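Take a look at the structure set out below.
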Amino acid sequence: MSYYMPTKLFEDEGIVAKSGALLGSLGRRALIVTGRRSAKLCGAFDDLIAVLEQEGIAYSIYDEIEANPLISQCVDGALAGEGADFVVAIGGGSPMDSAKGIAILLKHGTDDYVEKLFGAQDYDALPVVAIPTTAGTGSEVTPYSVFTDAEQETKRSMARRVFPIYSLIDPRYFMTMRQRLRNTTMMDAFSHAIESYLSIKSTPYSELFALEAISLIGRHKERAFDEQVSLDVMKELIHASTFAGFAISQTGTTLPHSFGYPITFAHRVSHGFANAIFLPEYLKLCDETRVAEVLERAGFSTRDEFDAYIARLLAISVEPLTLSAAEFDKYSDMLMANKAKLANHPGALSWETARAVYEKALTSF
Ligand code: NAP
Ligand code: FE
Numbered sequence: 106m107s108y109y110m111p112t113k114l115f116e117d118e119g120i121v122a123k124s125g126a127l128l129g130s131l132g133r134r135a136l137i138v139t140g141r142r143s144a145k146l147c148g149a150f151d152d153l154i155a156v157l158e159q160e161g162i163a164y165s166i167y168d169e170i171e172a173n174p175l176i177s178q179c180v181d182g183a184l185a186g187e188g189a190d191f192v193v194a195i196g197g198g199s200p201m202d203s204a205k206g207i208a209i210l211l212k213h214g215t216d217d218y219v220e221k222l223f224g225a226q227d228y229d230a231l232p233v234v235a236i237p238t239t240a241g242t243g244s245e246v247t248p249y250s251v252f253t254d255a256e257q258e259t260k261r262s263m264a265r266r267v268f269p270i271y272s273l274i275d276p277r278y279f280m281t282m283r284q285r286l287r288n289t290t291m292m293d294a295f296s297h298a299i300e301s302y303l304s305i306k307s308t309p310y311s312e313l314f315a316l317e318a319i320s321l322i323g324r325h326k327e328r329a330f331d332e333q334v335s336l337d338v339m340k341e342l343i344h345a346s347t348f349a350g351f352a353i354s355q356t357g358t359t360l361p362h363s364f365g366y367p368i369t370f371a372h373r374v375s376h377g378f379a380n381a382i383f384l385p386e387y388l389k390l391c392d393e394t395r396v397a398e399v400l401e402r403a404g405f406s407t408r409d410e411f412d413a414y415i416a417r418l419l420a421i422s423v424e425p426l427t428l429s430a431a432e433f434d435k436y437s438d439m440l441m442a443n444k445a446k447l448a449n450h451p452g453a454l455s456w457e458t459a460r461a462v463y464e465k466a467l468t469s470f
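For the sequence shown, the working numbering gives the first residue as 106, with consecutive numbering after it.
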């Protein structure tokens, strides 16, 4: 058993403005990695620029990260940041994950980039600072990066492990999330915590965080049906997401993530909702006693209540999908090929069961 969490986390309103010395300790030139709009909208971008300028730290900007980023965006980002000493990501999982890949290519060059990010040999990275603006992926405290692999028609975890050196959490940045984004990211955090707790790799250290994340999301689950939440509720949802990140940083994720990846790739269902679609069927494959603990922590008296909640949430979030028999077959093949996630699930999963889960989950919402 082990527990390893090297990321130093600071949470405070105005934390970025107060982090000049911290950023200055990482070097004289930064690359900022972010998406097109939201970092500017929520104020994080301006706060970061102000503190970099105040410290005399030069910077370049790569602000073209899209949701579910392509592997090749790491190359574009690294080329935009040549000469940087460190990388600062602002945004949700997509910019934070990309920053980790970019930080490897900035240090080791962009040639053979697929090999450097996914091959057997290890490569280290420049320091990465994460400024999260969504409460879901936990990428600010995990070593993982997930990219869209257009060739394999799914999403794929980078082989390298890059923990951010610092995470700067300002709860105000999350308040510009609309209801749908808030809900899909909340479902991502929920599935991280549940999958971690039910994983073969779960330990007393990871469980502490997983169960607390489940409780926090359980406490605020009905807020999913409100257009806006208060800053106090948002702070607890951020904690749930970060706690779930601590948990999966130790255990990884398991089946719902695997089931969801091709649905996100082929049908553009956002990541958190793609996980949520499979949670009810997944729970039926898991140990009953542990599932009962999850349900109790989340404030559901029965499995049916849980299923009804997920159905209610998906009904306001995702258009029903119609998939062909050939698609169910293909996605089941892909799921069986993702050995790492299968290995995290206690017990064996057959191709037939995987296919039945796909069919049942996708026809029942
Ligand atoms: P995201 O893909 O980073 O962002 C989705 C959208 O939300 C973007 O359009 C973004 O706008 C917008 N947005 C971000 N922050 C906002 C804010 N505060 N206000 C308004 N809009 C905002 O979303 P995500 O769910 O956080 O990340 C999903 C990605 O993370 C997936 O690729 C998933 O596979 C990965 N993931 C990683 C881990 C891990 O451990 N590393 C775990 C789970 C999932 P802009 O484009 O303008 O920025
Ligand atoms: Fe996830």
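For glycine and all other residues, C-beta sits at the position ideal for the given N, C-alpha and C. No experiment lies behind these values; they were computed from the predicted model shown.
Handout entry: Phe-330, buried or exposed, once every other Cβ within 10 Å from all chains shown has been counted against 16
Key = exposed
Problem - Cβ distance (whole Å) where Gly-198 is taken to contact Thr-253 below 8 Å - result: That pair is no contact at about 12 Å.
Problem - Burial state of Leu-336, where buried means 16 or more other Cβ atoms lie within 10 Å - result: exposed
Practice task
Using the Cα positions of Tyr-463 and Asp-438, report the straight-line distance between them to the nearest angstrom.
Solution key: Straight-line Cα distance between these residues: approximately 11 Å.
Exercise for the section: Kindly indicate the opening and closing residues of the alpha helix (DSSP H) around Asp-254. Expected result: Taken as a continuous stretch (DSSP letters only), Asp-254 belongs to no alpha helix (DSSP H), being part of the beta strand (DSSP E) at 251-254.
Problem - Thr-369 Cβ short of 7 Å to the ligand HEM heavy atom set - result: With respect to the ligand HEM, the structure shown offers nothing to examine, as its ligands consist of the ligand NAP and the ligand FE.
Handout entry: With 16 other Cβ atoms within 10 Å as the buried cut-off, status of Glu-341
Key = buried
Exercise for the section: Give the secondary structure of Glu-424 by DSSP, where H, G and I count as helix, E and B as strand, and everything else as coil. Expected result: coil
Practice task
Confirm the yes/no value for this check: CB of Thr-356, any heavy atom of the ligand FE, distance under 7 Å.
Solution key: no
Practice task
Would you decide whether Asp-229 is buried or exposed? Buried here means 16 or more other CB atoms lie within 10 Å of its CB.
Solution key: exposed
Problem - DSSP beta-bridge partners of Pro-174 - result: Bridge partners of Pro-174 according to DSSP: none are assigned.
Exercise for the section: Please confirm whether any heavy atom of the ligand NAP lies closer than 7 Å to the CB of Ala-144. Expected result: yes
Exercise for the section: Go ahead and label Asp-52 buried or exposed: buried means 16 or more other beta carbons lie within 10 angstroms of its beta carbon, across all protein chains shown. Expected result: This structure gives no information on residue 52, because the portion of the chain shown stretches from 106 to 470.
Exercise for the section: Can you give me the Cβ contacts of Ile-236 inside the same chain, cut-off strictly under 6 Å, excluding the 5 residues immediately before and after it? Expected result: Same-chain partners within the cutoff: Ala-149, Ile-195 and Leu-273.
Exercise for the section: Determine the direct distance from the alpha carbon of Lys-465 to that of Lys-113, and round the result to whole angstroms. Expected result: Distance from the CA atom of Lys-113 to the CA atom of Lys-465, rounded to whole angstroms, is 42 Å.
Handout entry: Local Cβ density within 10 Å of Tyr-271, reported as buried at 16 or more and exposed below that
Key = buried
Handout entry: Residue closest to Leu-184, alpha-carbon to alpha-carbon, out of Arg-277, Gly-224, Tyr-218 and Asp-202
Key = Tyr-218
Practice task
Could you tell me whether any non-hydrogen atom of the ligand NAP is closer than 7 Å to the CB of Pro-111?
Solution key: no
Exercise for the section: Sort out for me which residues DSSP pairs Glu-116 with in a bridge. Expected result: Ile-274
Handout entry: Residues sharing a beta bridge with Pro-237, DSSP
Key = Gly-196
Handout entry: Val-462 - DSSP class collapsed to helix/strand/coil
Key = Three-state DSSP puts Val-462 in a helix.
Problem - Whole-number beta carbon distance between Ser-354 and Thr-247, since they are thought to touch under 8 Å - result: Ser-354 and Thr-247 do touch by the CB rule: their CB atoms are close to 5 Å apart, below 8 Å.
Practice task
Check whether the Cβ atoms of Thr-359 and Lys-446 sit closer than 8 Å, and answer yes or no.
Solution key: yes
Handout entry: Residues near Leu-418 in its chain [Cβ-Cβ closer than 6 Å; skip 5 each side]
Key = Ala-329
Practice task
Please look up how many angstroms separate the CB atoms of Thr-139 and Pro-232, rounded, as I've assumed it's under 8 Å.
Solution key: Rounded, the Cβ-Cβ distance is 17 Å, inconsistent with contact.
Handout entry: Any non-hydrogen atom of the ligand FE closer than 7 Å to His-450 Cβ
Key = The answer is no for His-450.
Practice task
With DSSP collapsed to three states, give me the class of Tyr-387.
Solution key: Here Tyr-387 sits in helix by DSSP.
Problem - Boundaries (first-last residue) of the beta strand (DSSP E) holding Ser-130 - result: Neither: Ser-130 is in no beta strand (DSSP E) and is coded neither H nor E.
Practice task
Could you pull the start and end residues of the beta strand (DSSP E) that Ser-165 belongs to?
Solution key: 163-167
Exercise for the section: Please indicate yes or no: does the CB of His-325 lie closer than 7 Å to some heavy atom of the ligand FE? Expected result: no
Problem - Buried or exposed (CB count within 10 angstroms, at least 16 for buried), Gly-224 - result: exposed
Practice task
State yes or no: is the C-beta of Ile-137 within less than 8 Å of the C-beta of Ile-166?
Solution key: yes
Handout entry: Three-state secondary structure assigned by DSSP to Lys-306
Key = Of the three classes helix, strand and coil, the one that applies to Lys-306 here is coil, per DSSP.
Problem - Ile-305 beta carbon less than 8 Å from that of Asn-449 - result: yes
Problem - Per DSSP, the bridge partner or partners of Gln-134 - result: The question names Gln, but residue 134 is Arg in the sequence shown. Partner(s): Ala-163.
Exercise for the section: With hydrogens ignored, establish whether the beta-carbon of Thr-253 is closer than 7 Å to any heavy atom of the ligand FE. Expected result: no
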